[in-house]
Amino acid sequence: MHIIIKTFVMFACIGMVSCSKNGTLTTPKETVLYQTDFSSNDGRWVVGTISGGGATYYQNENYFVEGSQVGTYAYIKVTSAAFTYSCISNVFNGSSGDIAIEASIKMSSAPAGAGLIWNFQSGGQNISFYVFEINTSGQWGIYQYQLVDATTIPNKYSITTLASGTAISAIQQNQFNKLQITQNKGQLQFLVNGTQLIEMNANSNTLDQVGLFADVKSILAANSFQAVEWQ
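Here the sequence shown stands for residues 70 to 300, numbered as in the working numbering.
1. Run through DSSP, which three-state label would E130 get?
2. Can you tell me whether V116 is helix, strand or coil according to DSSP?
3. Scan the region 211-261 and note each continuous beta strand (DSSP E) run of 3 residues or more that stays entirely inside, going in chain order.
4. CA-CA distance, V147 and V285?
5. Can you give me the Cβ contacts of Q194 inside the same chain, cut-off strictly under 7 Å, excluding the 5 residues immediately before and after it?
6. Which word fits N131, buried or exposed, when buried means at least 16 other C-beta atoms lie within 10 angstroms of its C-beta?
7. Do you know how far the Cα of F161 is from the Cα of S191?
8. To the nearest angstrom, how far is it from the Cα of A283 to the Cα of K175?
9. Quick one: is L231 near chain C, going by C-beta distance under 8 Å?
10. Could you round the C-beta distance between S276 and A291 to whole angstroms and report it? I think they count as a contact, below 8 Å.
11. How long is the line joining the alpha carbons of I122 and T100, rounded to whole angstroms?
12. Taking the beta carbon of T249 as the centre, do at least 16 other beta carbons fall within 10 Å, making it buried, or is it exposed?
13. Need the endpoints of the beta strand (DSSP E) that T100 sits in, please.
14. For I196, which residues from the same chain have a beta carbon less than 6 Å from its beta carbon, with the 5 sequence-adjacent residues on both sides left out?
15. Can you tell me whether DSSP reads F282 as helix, strand or coil?
16. Would you mind reading off the limits of the beta strand (DSSP E) that contains G192?
17. Run through DSSP, which three-state label would V297 get?
18. In the structure shown, what three-state DSSP assignment does T125 receive?
19. I think A236 touches Q208, with their Cβ atoms under 8 Å apart; what is that distance to the nearest whole Å?
20. Between which residues of its own chain and Q256 is the CB-CB distance below 8 Å, once the five residues before and five after are set aside?
21. Alpha carbon to alpha carbon, how far is P180 from V116?
22. Go ahead and pull the three-state DSSP assignment for K175.
23. Within a Cβ cutoff of 6 Å, which residues of the same chain sit near F189, ignoring the five residues on either side of it in sequence?
24. Taking T27 as part of the beta strand (DSSP E), name the residues at either end of that continuous run.
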């Protein structure tokens, strides 16, 4: 496990079946809890700019998340720079079944990575969250961020690498990629364009709160986002 310190500036489906008692297959009921195609602002996603150079905005029926264009990066993760994220809360509030989030994203620039953020926790200076991201080289990674110093500008975070992979063909360049995280019976599955990359124990890391993330010098454009539940 590799841990590094990083600074930041904050602005701000998989099909499932089950067996009935008589042994026949039944398809669980799917409920869409939230969805958007970003063709208009539904008021759930933050919009604006920050002094560090990051921004979130709607343009051409897409929603953009831009990390700061100032800083350095090395193999997916930056060494010193600013990231940007945008979260929506209470998507899965009270959900009792298996759940998933899915977004269609395009990286117009993402040398350091862009993707999904989940399990955002904030209590005063105790901030932590998880990121599932891909980059323009076809690499992917899953990381835990933990605030370690809120007195600096930008704030400093520690980053723990939970999993990462070299370039894979499932990640398409200059096209929209469908990223998905499912939480199924205590396990988290991470998929890109239908290809499962890894499965991990969820422990207490629930998907809510969820959103989009762009690392330094990275620009993410999203044209859809949805959250679903199976019962």
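The beta-carbon is built from N, C-alpha and C at its ideal position, and this holds for glycine as well. Predicted, not measured: the structure shown is a model, and the values here were computed from it.
Answer, in terms of the structure:
1. Three-state result, E130: coil.
2. Looking at V116 - three-state DSSP - the assignment turns out to be coil, as it is neither helix nor strand.
3. Taking only runs of at least 3 residues, the beta strand (DSSP E) segments lying wholly in the region 211-261 are 224-234, 246-253, 256-261.
4. Low per-residue confidence applies at V147: pLDDT is 44, beneath 50, and the placement is therefore not dependable, though the value from the model is reported in the following sentence. C-alpha separation (whole angstroms): 7 Å.
5. Non-local C-beta neighbours of Q194 in its own chain, meaning closer than 7 Å and more than five positions away in sequence, comprise L216, A219, ordered along the chain.
6. Residue burial annotation: N131 is buried, with at least 16 other C-beta atoms found within 10 angstroms of its C-beta.
7. Using only the alpha carbons, I get a separation of about 17 Å.
8. Going by the C-alpha atoms only, they are around 11 Å apart.
9. Any reference to chain C falls outside this structure, which holds one protein chain only.
10. Note that residue 276 is Leu in the sequence shown, not Ser. Their Cβ separation, rounded to whole angstroms, is 17 Å, which puts L276 and A291 out of contact at 8 Å.
11. The sequence as given places Gly at residue 122; Ile does not occur at that position. C-alpha separation (whole angstroms): 38 Å.
12. The sequence given here places Gln at residue 249; Thr does not occur at that position. Buried, since its Cβ has 16 or more Cβ neighbours within 10 Å.
13. Run containing T100: 99-105, per the beta strand (DSSP E) assignment.
14. Cβ neighbours of I196 within its own chain (closer than 6 Å, five residues either side excluded): L216.
15. DSSP places F282 in strand when its eight states are reduced to three.
16. G192 -> beta strand (DSSP E) spans 183-192.
17. V297 falls in the strand class under three-state DSSP.
18. T125 falls in the strand class under three-state DSSP.
19. Contact flag correct, Cβ pair sits at about 5 Å.
20. The answer, listed in chain order, is E268, M269, N270, A271.
21. Whole-angstrom Cα-Cα distance: 23 Å.
22. Residue state, collapsed to three classes: strand.
23. Excluding residues up to 5 positions away in sequence, C156, F198, Q278 lie with their Cβ nearer than 6 Å to the Cβ of F189 in the same chain.
24. Residue coverage of the chain in this structure runs from 70 to 300, which leaves residue 27 outside it and unanswerable.
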